[in-house]
Amino acid sequence: MQEYPVIDAHLHTFHTAEAGRQAMSNTPSKPDISGTVEDAAAALKGSNVAGALMVNTIPLAYMQDAALGKLPAGLTPSQREEAEHEIQHMLLARLERRNQWTCSIAQEHPNLYATITLDPIMAPDAMRQEIRDKVTNHDARAIKLHPPIGRFFPNHLSLWPIYETAQALDVPIVFHVGAHPHPNNPEVPVEYSKPEHFEDVATAFPKLRLVLAHMGVGPAEWYPRLFQPYYDAALALASRHPSLCFDVSATVGAEWPQDKLLAMIRQIGAERVLFGSDFPWWGPEAAQHGLGQLGLSAEEKRFILYENAQRMFEL
0 MQEYPVIDAH
10 LHTFHTAEAG
20 RQAMSNTPSK
30 PDISGTVEDA
40 AAALKGSNVA
50 GALMVNTIPL
60 AYMQDAALGK
70 LPAGLTPSQR
80 EEAEHEIQHM
90 LLARLERRNQ
100 WTCSIAQEHP
110 NLYATITLDP
120 IMAPDAMRQE
130 IRDKVTNHDA
140 RAIKLHPPIG
150 RFFPNHLSLW
160 PIYETAQALD
170 VPIVFHVGAH
180 PHPNNPEVPV
190 EYSKPEHFED
200 VATAFPKLRL
210 VLAHMGVGPA
220 EWYPRLFQPY
230 YDAALALASR
240 HPSLCFDVSA
250 TVGAEWPQDK
260 LLAMIRQIGA
270 ERVLFGSDFP
280 WWGPEAAQHG
290 LGQLGLSAEE
300 KRFILYENAQ
310 RMFEL
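Numbering (numbering that gives the first Met the number 0), first residue to last: 0 to 314.
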């Protein structure tokens, strides 16, 4: 009989069903559910998962494009500058509200844990302040960064204040890693999150606790031609930086070659791999079942399903 609780270290929640459906609209795999808090609670209960980390983000880069596209054509340079400043202020306020909402949901639901998200459009001091405030005052357990929807490379120097502050406070960062659909053309992948782009980060911040989601590769069925190059690069990165951790979200219960997943877990080491579902794109019940079919030992499953997340996020 299993004697430990299961922790889902990669779950998304949305404040409305409409917001969830919009987030999933440009991805090849979509469930019938929308990812509200109620959906998440039902999914956890149905899968016997005791707790989950909400890795919520917000696509500020694309919001900025939409807002700029609505500006009148006849603005003077000074008027346009003022309008752009107002748009940036609006976007930063939305990011802060998103973080605050996630933290509030975590306070209301003891089995859901908060992360916060950040964006390169923020000033360095604003990045540092948001981390300190949400971690110290609102019990945020980690930071989630999604380079494809933020349209940034993880090794860009504009993100250094995030890494410096997270390392100083010993706050983990969960990264989306792997190719991701372009919002205007899902057939075209954007590759901001290639495993190679994390080399500089891991080298410059050796004490920073990093979790590379999707085993550093991403969902295998989205862009099959990219699977093997990302797979090889992720393994090479893991071998050079033994402190890096990974999660299995979108790999179990999905279309990954399961023999390759087992081989990757064993090569990296189960003590560096966390369980995650990527709900609502994939469900925690299917992911947990898929993990159970890999042929892992009881010790390996305990590391992945519970101990690693418990230690990483101090749950």
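Backbone N, C-alpha and C fix where the C-beta goes; we use that ideal spot for every residue, glycine too.
Quiz item: In three-state DSSP terms, what is residue 202?
Solution: Helix.
Exercise. Write down every uninterrupted run of the beta strand (DSSP E) in the stretch 184 to 241 whose length is 3 residues or greater and which is fully enclosed by it, in chain order.
Key: Entirely contained in the stretch 184 to 241, the beta strand (DSSP E) runs reaching 3 residues are, in chain order, 184 to 189 and 209 to 211.
Quiz prompt | Spatial distance of residue 284 from residue 199 (CA atoms) | solution = Using only the alpha carbons, I get a separation of about 36 Å.
Quiz prompt | Cα-Cα separation between residue 301 and residue 208, rounded to whole angstroms | solution = Taking the straight line from one Cα to the other gives about 20 Å.
Quiz item: In whole angstroms, what separates the C-alpha of residue 94 from that of residue 175?
Solution: One alpha carbon belongs to residue 94, the other to residue 175, and they sit about 18 Å apart.
Self-check item: Selected residue, minimal CA-CA separation from residue 52, among 167, 11 and 106
Solution: Measuring C-alpha to C-alpha distances from residue 52 to each of 167, 11 and 106 identifies 11 as the nearest.
Quiz prompt | residue 142: first and last residue of the uninterrupted beta strand (DSSP E) it sits in | solution = For residue 142, the enclosing beta strand (DSSP E) has its first and last residue at 141 to 144.
Quiz prompt | CA nearest to the CA of residue 172, picked from 160, 180 and 210 | solution = Across the set 160, 180 and 210, the C-alpha of 210 shows the shortest separation from the C-alpha of residue 172.
Exercise. Find out if the Cβ-Cβ distance for the pair residue 113, residue 138 is shorter than 8 Å.
Key: With respect to the 8 Å criterion, residue 113 and residue 138 are classified as neighbours on the basis of their beta carbons.
Quiz item: At a cut of 8 Å, does the stretch 185 to 198 reach the stretch 225 to 238 through at least three beta carbon pairs?
Solution: The stretch 225 to 238 and the stretch 185 to 198 touch, with three or more beta-carbon pairs separated by less than 8 Å.
Quiz item: Roughly how many whole angstroms lie between the Cα atoms of residue 88 and residue 288?
Solution: Using only the alpha carbons, I get a separation of about 44 Å.
Quiz item: For residue 66, which three-state DSSP category applies?
Solution: It is helical.
Quiz item: If you compare alpha carbons, which of 75, 123 and 189 is closest to residue 315?
Solution: A question about residue 315 goes unanswered here, because the residues of the chain that appear run from 0 up to 314.
Quiz item: Who are the Cβ neighbours of residue 55 in its own chain at under 7 Å, not counting the five residues just before and after it?
Solution: Spatial neighbours of residue 55 in its own chain (CB-CB distance under 7 Å, excluding positions within 5 residues in sequence) are listed in chain order as 11, 12, 97, 101, 114, 116 and 143.
Self-check item: For residue 111, three-class secondary structure by DSSP
Solution: Residue state, collapsed to three classes: strand.
Self-check item: Three-state secondary structure (DSSP) of residue 175
Solution: Three-state DSSP puts residue 175 in coil, outside helix and strand.
Practice problem: With DSSP collapsed to three states, give me the class of residue 134. | Solution: The three-state secondary structure of residue 134, taken from DSSP, is helix.
Exercise. Determine the contact status of residue 304 and residue 278, defining contact as a CB-CB distance below 8 Å.
Key: No, they are not a contact pair.
Quiz item: Just to confirm, are residue 257 and residue 225 a CB contact at a threshold of 8 Å?
Solution: Going by C-beta atoms, residue 257 is not nearer than 8 Å to residue 225.
Quiz item: Which residues in the same chain have their Cβ closer than 7 Å to the Cβ of residue 19, if we skip the five residues on either side of it in sequence?
Solution: Closer than 7 Å at Cβ, skipping near neighbours: 13, 33, 34, 35 and 279.
Self-check item: Cβ neighbour criterion (16 or more within 10 Å) applied to residue 107
Solution: That one is exposed.
Quiz prompt | Between the CA atoms of residue 158 and residue 130 - distance to the nearest angstrom | solution = Computed Cα separation, rounded: 13 Å.
Quiz item: Can you list, in chain order, the residues of its chain whose CB lies under 6 Å from that of residue 219, leaving out five sequence neighbours each side?
Solution: Same-chain partners within the cutoff: 226, 254 and 255.
Quiz prompt | Minimum length 4: unbroken alpha helix (DSSP H) runs contained in the stretch 11 to 48 | solution = For the stretch 11 to 48, whole alpha helix (DSSP H) runs of length 4 or above, ordered along the chain, are 16 to 22 and 36 to 46.
Quiz item: Rounded to a whole number of angstroms, what is the C-alpha to C-alpha distance between residue 319 and residue 8?
Solution: No statement about residue 319 is possible, as the shown extent of the chain runs from 0 to 314 and does not include it.
Exercise. Please classify residue 253: does DSSP put it in a helix, a strand, or coil?
Key: Correct three-state label for residue 253: coil.
Practice problem: Buried or exposed for residue 48, please, with buried defined as at least 16 other CB atoms from any protein chain shown within 10 angstroms of its CB. | Solution: Taking a 10 Å sphere around the C-beta of residue 48, we find 16 or more other C-beta atoms and assign the residue as buried.
Quiz item: Based on Cα-Cα distance, which residue from 313, 222 and 265 lies nearest to residue 189?
Solution: Nearest of 313, 222 and 265 to residue 189, Cα basis: 222.
Quiz item: For residue 3, is the classification buried or exposed, using 16 other Cβ atoms within 10 angstroms of its Cβ as the cut-off for buried?
Solution: Here residue 3 is exposed. Its C-beta has fewer than 16 other C-beta atoms within 10 Å.
Quiz item: Run through DSSP, which three-state label would residue 311 get?
Solution: When secondary structure is reduced to three states using DSSP, residue 311 falls in the helix class.
Quiz item: So what does DSSP say about residue 7, is it helix, strand or coil?
Solution: Correct three-state label for residue 7: strand.
Practice problem: May I ask which residues mark the beginning and end of the beta strand (DSSP E) holding residue 52? | Solution: According to the DSSP assignment, residue 52 belongs to the beta strand (DSSP E) that extends over 50 to 53.
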